[in-house]
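Asker: The listed protein sequences correspond, in order, to chains A and B.
Residue numbering for the first sequence follows our numbering, starting at 1 and increasing by one per position.
Residue numbering for the second sequence follows our numbering, starting at 874 and increasing by one per position.
Backbone N, C-alpha and C fix where the C-beta goes; we use that ideal spot for every residue, glycine too.
Just so you know, these numbers come straight off a predicted model, no measurement behind them.
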Amino acid sequence: MGEDPAAGGRVRRWLGFVVRRRWPVLIVMLLVTAAAALAARHLGVNTDPESLLSADLPFIADSNRLRAEFPELDRNLLLAVEAPTPEQARAAAERLTAALAADPGHFPAWYWPAGEPWLNRHGLLLLSTARLQAAGDAMSRAQPLLARLAGRPDVPGLYGMLVEAAEKATGIGLELDAVYRALSAVLEHAADDGAAVLSWQGLLDAGVDATASGVYREIILVTPDLDYSRVRPGRAALEALHALRHDLSLDDGAVRLRITGSVALADEELLSALTGARRAGLFALLMVGALLWIALRSPLLAAIALISLICGLALAAGIAVLAVGRINLISLAFVVLYIGLGVNYALHVLLRYRERLAGGEMRAAAIAAAGTLLWRPLLLSALTTAIGFFSFIPTAYAGVGELGLIAGLAMFVALAVSFTLTPALLAVVPVSPRILAAARRRPARRWLDVPLHHRRAVLFMAAAAAVAAWSLAGDIAFDGDPLSVRDPQAESVVTLRALMADGDTAHRNLQVLAPSAAEARRLSDKLAALPGVKRVVSLLSFVPADQDEKLALLDDLRWTVDPELLAGDWTAVPSTAKAQQHAALALAAALQSEADSGPEALRLAAALRANAARLEGPGGAALAERTTELLFSALEPVLHRLAAALAVDRAVTLDEARRVLGAHWVSPAGEWLIQIFPETGGDHQSLAPLVAAVREIAPDVTGMPVIQVAAAEAIGKAFRLAMLLATVSITVVLLVVLRKPVEVLHILVPLGIGGGLTLAFMVLGGMAFNFANVIALPLLLGVAVDNGIHLVLRHREGDLLRGNVLRSATARGIVFGALTTAAGFGNLILSPHAGTASLGLVLALGLLLMVAVTLIVLPASLGPAATAPADGG
Amino acid sequence: MKKPSLGDRNTFGILPVLLGCWWAAAGIAAGPAAEPPTDDAGPAAVVEALENGLIAAMRAGKAMDFTARSAFLRPLVERTLDIPRMGRFIFAANWRTFDEAAQQDFIAAFSRLSVANYAKHFDQYKGERFEAVAVEQPDEARARVRHRLIKGSGEAVAFDYLLLNSGGVWRIVNIITDGVSDLALKRSQYAMLYNEGGLEAVIAEIDAQSRKFADG
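1) DSSP three-state label for A/W23, please.
2) State the Cα-Cα distance for the pair A/A669 and A/L66, rounded to the nearest angstrom.
3) Go ahead and label A/V11 buried or exposed: buried means 16 or more other beta carbons lie within 10 angstroms of its beta carbon, across all protein chains shown.
4) Classify A/A6 as helix, strand or coil using the three-state DSSP reduction.
5) Can you tell me whether A/M362 is buried or exposed? The criterion is at least 16 other CB atoms within 10 Å of its CB, across all chains shown.
6) To which residues of the same chain is A/R352 closer than 7 Å at the C-beta, ignoring the five residues directly before and after it?
7) If you run the structure through DSSP and keep just helix, strand and coil, what is B/K999?
8) So B/P1011 packs on B/L949, CB below 8 Å; how close in whole Å?
9) Whose Cβ in chain C lies nearer than 7 Å to the Cβ of B/R1044?
10) Can you list the residues of chain B that A/W559 reaches, using a CB-CB cut of under 7 Å?
11) Output, in chain order, the set of chain B residues within a Cβ distance shorter than 8 Å of A/T129.
12) Quick one: which residues of the segment 630 to 642 of chain A get their C-beta closer than 8 Å to a C-beta of chain B? List them in chain order.
13) Spatial neighbours of A/R812 within its chain, please: C-beta separation below 8 Å, excluding the five flanking residues on both sides.
14) Got a sec, what are the start and stop residues for the beta strand (DSSP E) A/Y111 sits in?
15) What separation, rounded to the nearest whole angstrom, lies between the Cα atoms of A/I220 and A/A266?
16) Under three-state DSSP, which class holds A/Q489?
17) B/S1061 touches chain A at which residues, Cβ-Cβ below 7 Å?
18) Using the C-alpha atoms, what's the distance from A/L848 back to A/I747?
19) Is B/V1018 close to chain A? Criterion is C-beta to C-beta, closer than 8 Å.
20) Does the distance from the C-beta atom of A/K550 to that of A/L132 stay below 8 Å?
21) Given a threshold of 16 other Cβ atoms within 10 Å of its Cβ, counted over all protein chains shown, does A/L764 qualify as buried or as exposed?
22) Under 8 Å, do A/P778 and A/S391 count as touching if we go by C-beta distance?
23) With distances taken from CA atoms, which of A/N120, A/A726, A/I259, A/W110 is nearest A/A243?
24) For A/V18, which option in A/A365, A/R297, A/N344, A/L565 has the closest C-alpha, if you only look at C-alpha atoms?
25) Let's see if you can read the secondary structure: which residues bound the alpha helix (DSSP H) around A/V660?
26) Just checking: is the beta-carbon of A/A645 within a distance shorter than 8 Å of some beta-carbon in chain B?
27) Would you check if the distance between the CB atom of A/F769 and the CB atom of A/D479 is smaller than 8 Å?
28) With a cut-off of 8 Å, does the C-beta of B/V1053 fall near any C-beta of chain A?
29) Between A/A89 and A/A83, which are expected to be in contact by the criterion C-beta below 8 Å, what is the C-beta distance as a whole number of angstroms?
30) Mind checking A/S686: buried by the 16 CB within 10 Å criterion, or exposed?
31) How many whole angstroms separate the CB atoms of A/L615 and A/L623, which I take to be in contact at a CB cut-off of 8 Å?
32) One question on the structure: do A/G798 and A/A865 come within less than 8 Å of each other, judged by their Cβ atoms?
33) So which residues of chain B does A/T547 contact, with C-beta pairs closer than 8 Å?
34) Can you grab the Cα-Cα spacing for the pair A/W672 / A/S538, in whole Å?
35) With distance defined between alpha-carbon atoms, name the residue in A/R20, A/S838, A/N46 nearest to A/S331.
36) Between A/R245 and the rest of its own chain, which residues show a CB-CB distance below 7 Å, the 5 nearest in sequence each way excluded?
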């Protein structure tokens, strides 16, 4: 660009106008800012993580197709009812679904797969032949016990039977240690709130398995009412659900409801991101304000910088509404980015203004001189920073493209504010003597001369650092799991991880759509044969195999276990505290009398004696009632369900299954859903071979692992493209502006070293790139290049103390600018949203490294500049 | 090794214990010969034929020794109980994996055991009588005959007979005594033996039990 007197003249004339018409300028700026702030209130937030990627990507299109065909898999709440026994989980799920049904406004649809009566009735038929045979054996074992209990289901009767079993070995058909253990567990906590009931299902081995973590779960899928006119569309439904949970006493305790699902995840992610942005924004403003005060050594000038910052932020937000309408969770970070970056322009103007004042100029002249000298470097800065931001726009990572657009435009807003509001404010406040005093203080900081005096050493060390850093940088990993960017403490994330650990959710499943039943069968058979597939489920899975054989087995069982007995009245008969106490002591004595009493028998004896002692006390009657309830409340529902399942004597047809379950497995358009459960619950990388194998059979397979694998690829590609675009365009701009390729190299090399160091530190610290922080490097390139530009241009300008550019107001501006920017970015680390926090960390770390390398290496590589006349050499 | 449940130790379940309690101590005079039911007998008639035979065996008391009582009861047991069907119900899925010879081996052993059990326990009379309560026949193939045994003391024990009509002939396939199913007892007991030692182990146990009854 060289010298451009015409442009310089226009800027000087403009600043003269601003100073003269300062009040009208201030009023106009105030009005525009207010209008922008009002408009910004309409900024929507899009929290769908998949929408961060371009909808044109084939794997996103596949996913959208599935979501359109099966909306219940799309925007849902996943309710996990957890309990120590299957009966309690079931009973709580029944209460919960009744409550959900009573509030169709918030919960228009819900689905409790395990509660489906048809499935329960066919529960035995749906077992494998071997499992059904084993269940029949177990039922036969328990039949005599049930027959004896049937006459009088009460506590003394149960204890009496166990006495007989212990003493005379009459055989109650159950594994006694298991009975002792279960009974001990109930009695030991009988007096506590939320005590577990005796699980007859567990004792009868009626085909229910606990999860790996030992809890029993019922899963309910809810399609909540979503209000997209609000920032948090799921908020009303979630709040209704939380209230419902509280009313049903499922908040915590032995039986509790945990909530996750895409709606809960999105809402909590948004909440955490908003909380994070608000908190980080506030802290950033405070820290930036403090740094400004230190840098400018004048509350007045610091206030001017802050006012410029806030006005610029409001204007930028208003522009964001016009440019994109809805921001996403990544572009929310723009607020904090702006606080860190936007103040720099005003800071440079103010520092230079103060420098000119100190040099003896009058106020108006100092304002004009500062602006005239700075417009070129600042415009260049805005341009390069914007390039860094804009570099993601052409990539498939649409979510960041949006942030890039907003933040890039915002840089020009910040520049414009620095040449309107900032000079207008300077023109209205008086010049205080403190400003001058501060500017004239020039401490002799000899260490600032080190890079100039030891140029070779500095350059050698920089080269060594570059080699070391870049050799490590290649090991950086990408974590494509959207869960990784969310608040790890959020209930929805904690619950989802717990469900995944127990294989209780389809979250890691692959999904395939088939156009017909025949095609679904063909694909299912091929998919089920793949290594790494645990099971394949479609509507076809609900038509059991070998039905004739299984129906015959059920017939055998009907003759054997007497369903009439199971279907009878199993209401527990109350017994007095005295009767229970007597029976408990008798059983305890019997358990201890055997020479070879095992630990479980002795534990039960102790529990019985403690129970008997409490039965004697004042609360004895209540405890007797409670013990009866705990021991028998689970009995009737279990036996009645078993009786109903035993009664099935007709084969299930596909038509019947489709009539009952079709809504969940065949879309209205006739697409058959095939769910593939992978064997490993590992991350997307471990599932990549399975995804590839499934894709061979079904090219349009979708599901979280597919999206993660493909998203990681797409984002990796986007990152490389953005990096390339940013580097090339910034280089071109630098070449055009500076016209000296060597100077361009002086600027870019330190950035390369700083960037390599950033990656190296991430590798060493075990950090990976994720959906959020991957944007940091291209962005940092655009931000940090400014410092090099400022230093080179100031170096060219000459008139420097000891010829050292580090002793200039420019270097001071760079240091404080970098500190304020890093402080702004760094506050993102406080965000509970893990992605935002990691973005903040990488940005702050990267910026400090790039600036530090620039400040050390650039003066050394440039060498001494022309000295200031006052310096005398 | 799996900790054994009490089912292992009690080889014959609750039914014989109950039956044994009420009949073992009774001493009766010899009665009429056992009359097997005709093939066209209804469910109730089949049950009554068995019960009459058992009462007769009890009334005979010491007049018959174990061998004679067995010979007296064998045709009755074979004509009132559908032992092949009981074998199928007891072994369920496993039954269909046995070949013809193996099935016949089991049927023969189980038949011997049933006869020995009755011969051992129905050898004294103390004034017992059976009383009809109801006959339920939900469809053409199945029936439930509800009887009660009234003991000399007046105490009643519910006896429910499950009958299956196979080829027009009614046969008993299960007896439920005060709610306890004989087939369930057998299935759980034999399933454990079968899972450990196969059909041979089951038949060996059945034969041992039969010998024990014979030896008195």
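Answerer: A quick look at the data gives this:
1) Reduced to three states, the DSSP call for A/W23 is helix.
2) Rounded to the nearest whole angstrom, the C-alpha separation of A/A669 and A/L66 is 12 Å.
3) With 16 or more other Cβ atoms within 10 Å, it is buried.
4) It is helical.
5) Around the C-beta of A/M362, fewer than 16 other C-beta atoms lie within 10 Å, and the residue is accordingly described as exposed.
6) Here the set comprises A370, L373, L374, A809.
7) It is coil, neither helix nor strand.
8) No, B/P1011 and B/L949 are not in contact; Cβ-Cβ is about 27 Å, not under 8 Å.
9) Absent from the structure: chain C. Protein chains present are A and B.
10) Residues of chain B with a Cβ closer than 7 Å to the Cβ of A/W559 are, in chain order, F962, L1035, V1046, N1047, L1056.
11) Within chain B, the residues placing a beta-carbon under 8 Å from that of A/T129 are A966, ordered along the chain.
12) Going along the segment 630 to 642 of chain A in chain order, one finds no residue with a Cβ nearer than 8 Å to chain B.
13) Residues of the same chain with a CB within less than 8 Å of the CB of A/R812, apart from the 5 flanking positions on each side, are A295, L351 in chain order.
14) Segment 109 to 111, the beta strand (DSSP E) holding A/Y111.
15) When rounded, the separation of the alpha-carbon atoms in A/I220 and A/A266 is 18 Å.
16) Taken through DSSP and simplified to helix, strand or coil, A/Q489 comes out as coil.
17) Listed along chain A, the residues sitting closer than 7 Å to B/S1061 by beta-carbon distance are D137, S140, R141, G173.
18) Between A/I747 and A/L848, the C-alpha separation is close to 16 Å.
19) Interface residue (Cβ-Cβ distance to chain A less than 8 Å): B/V1018 is not classified as such.
20) A/L132 sits close to A/K550, with the two beta carbons spaced by under 8 Å.
21) Per the 10 Å Cβ criterion, exposed.
22) Yes; because the gap between Cβ atoms is below 8 Å, this pair is in contact.
23) The residue with the shortest Cα to Cα distance from A/A243 is A/I259.
24) Residue nearest to A/V18 within the set A/A365, A/R297, A/N344, A/L565 is A/A365 (criterion: CA-CA distance).
25) Per DSSP, A/V660 belongs to the alpha helix (DSSP H) from 654 to 665.
26) No, A/A645 does not count as interfacial toward chain B.
27) A/D479 sits close to A/F769, with the two beta carbons spaced by under 8 Å.
28) With 8 Å as the cut-off, B/V1053 counts as an interface residue toward chain A.
29) About 4 Å separates the beta carbons of A/A89 and A/A83, which is inside the 8 Å limit, making them a contact pair.
30) Label assigned to A/S686: exposed.
31) In this structure A/L615 touches A/L623 by the C-beta definition: roughly 6 Å separates them, less than 8 Å.
32) Yes, these two residues count as a Cβ contact at 8 Å.
33) As written in the sequence, residue 547 of chain A is Gln, which differs from the Thr given in the question. Within 8 Å Cβ-Cβ: nothing; A/Q547 doesn't reach chain B, min ~14 Å.
34) The C-alpha of A/S538 is placed about 7 Å away from the C-alpha of A/W672.
35) Measuring from the Cα of A/S331, the nearest candidate turns out to be A/N46.
36) Same-chain partners within the cutoff: D251, L257.
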